[in-house]
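Let me begin by presenting the structure, written as structure tokens, before commenting on it.
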Amino acid sequence: MFVLSNISCDAPRNNPLDPNNPNFAFASIEGTIQTFAVPRKAISEVLINWSGENKLVKTNASGYFKIENVFPYNGWLTIQKEGYAIDSVYIDWQDKKNYNIQSFLNEIPKLDSLVLFTTVLNQYPDIQTASLEVKAKVSDKDNDIDSVFLENTDLNVKLDLIYNATSKMYEKIFSQSDLKIDDIEEAIGLQFNIIVKDLFSKTHTIGSDKLNRAIKQEIILDYPLNGESVTSSPILKWRRFTPGFEFTYTAEVLTDDIPPAAVWQKDKISADSIAVTITATLPSRGYFWVLWCVDKFSNKSRSKPASFRVN
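If you're matching positions, the sequence shown starts at 8 in my numbering and goes up one per residue.
Below, the structure is given as structure tokens:
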């Protein structure tokens with residue numbers, strides 16, 4: 008029969024694998040990961056990588072993680088989850104046995120919509136000018152966007168977009184000179200990237216698209232022309248236009264002032280049409296009109312202007 012006596016929990020911690028042993032060789036890293044946006048929310052399934060020993064763990068539903076039994080060698084802790092900017096923390100142990108961190112991940116902005124389209128303007132005598140227009144809708148829960156850019160690596164350009172508070176989009180119209188090209192068709196098929204820079208100077212490529220067409224064929228107007236006198240609700244006529252792709256027309260009437268003022272417009276006129284009647288009653292004065300070809304990608308081309316007069 009064995010008799011045990013004088014058992015004490017204050018026994019010496021001589022076991023080298025006992026975490027309470029002052030000479031215990033291992034350490035631990037723990038912490039919580041939350042959103043940068045307020046109110047703070049825990050982020051689960053965040054991948055935590057301790058570079059010193061390439062140990063990987065994930066956060067739980069409360070955003071908590073713990074890496075145990077690591078050697079206390081200084082190194083980087085990398086924190087990453089899809090949809091968020093990667094964070095990293097340099098750990099300098101300084102004789103600590105436990106390192107506790109708290110990280111707030113910045114969500115990468117999202118590109119909700121992107122429209123890239125070309126505009127070709129025909130002018131007298133036989134001049135075409137072309138431009139690229141960009142409209143990007145970007146959302147950001149962290150509300151820390153500093154600037155948004157349009158980038159094309161093939162053309163070696165990176166161009167600022169301007170935020171339009173009315174449309175809530177980042178927009179701008181770029182000339183061929185802005186794009187460093189002589190002909191807009193040089194940009195067809197090239198990839199344009201939308202890049203966001205945040206307030207911490209981190210940049211993220213959030214989406215891209217390609218230009219697919221520049222409409223360089225010209226619409227020819229037939230009537231009225233050259234200041235002809237017409238009734239107050241005239242018929243506008245043009246030659247049949249067959250560019251080889253789906254499109255609609257937009258007819259526009261403007262005053263002959265400087266600058267001109269738009270007085271009537273009709274969109275989505277069938278591609279089969281060669282005439283349209285102005286549905287407004289125009290006061291006596293001088294006007295001019297133009298006709299647009301608009302394809303399904305919003306690329307458009309404008310005819311040369313034609314003048315007329317209502318007596």
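The beta carbon of each residue, even a glycine, is placed where N, CA and C say it ideally should be.
Rank Lys-217, Phe-315, Phe-304 by C-alpha distance to the C-alpha of Glu-235 and give the top, closest one.
Looking at the Cα atoms, Phe-315 is the closest of the given residues.
Quick check on this structure: which residue in Ser-146, Ile-50, Lys-217 has the alpha carbon closest to the alpha carbon of Gly-196?
Lys-217
Measuring only the C-alpha atoms, how far is Gly-293 from Lys-307?
26 Å
Pop quiz: Tyr-256 and Trp-296 are said to be a contact at Cβ under 8 Å. What is the actual Cβ separation, rounded to whole angstroms?
In fact, because the Cβ distance is near 12 Å, the residues do not count as touching under 8 Å.
Just the Cα atoms here: how many angstroms apart are Ser-305 and Ile-50?
40 Å
Going by DSSP in three states, Ile-50 sits in which element: helix, strand or coil?
coil
Could you tell me the alpha carbon to alpha carbon distance between Pro-26 and Ile-36, rounded to whole angstroms?
Its pLDDT being 49, under 50, Pro-26 is placed unreliably by the model, and the measurement read from it follows with that caveat. Per the coordinates, the alpha-carbon of Pro-26 lies some 14 Å from the alpha-carbon of Ile-36.
Check Ala-258 in the structure and name its three-state DSSP category.
strand
Nearest neighbour of Lys-303, chosen from Ser-239, Leu-232, Ala-221 [CA to CA]
Ala-221
Tyr-177 and Ala-137 closer than 8 Å at C-beta:
no
Helix or strand or just coil, what does DSSP make of Glu-60?
coil
Gly-90 versus Pro-132 - alpha carbon distance
53 Å
Please say whether Val-145 and Val-155 have beta carbons closer to each other than 8 Å?
The answer is yes: Cβ separation under 8 Å.
If contacts are defined as beta-carbon pairs under 8 Å, then Thr-42 and Glu-158 qualify, I think. What distance do you get, rounded to the angstrom?
With 8 Å as the limit, Thr-42 and Glu-158 do not qualify as a contact, their Cβ atoms being about 28 Å apart.
Three-state secondary structure (DSSP) at Glu-192?
helix
The beta strand (DSSP E) with Gln-198 in it runs from where to where?
Counting along the chain, the beta strand (DSSP E) containing Gln-198 begins and ends at 198–205.
Within 8 Å, strictly: CB atoms of Ser-340 and Asn-129
Shown here, the chain extends from 8 to 318; a query on residue 340 therefore has no answer.
Report the three-state DSSP secondary structure of Tyr-294 (helix, strand or coil).
For Tyr-294, the three-state secondary structure derived from DSSP is strand.
Looking at the strands, I want to know which residues DSSP matches up with Ser-236.
Arg-316
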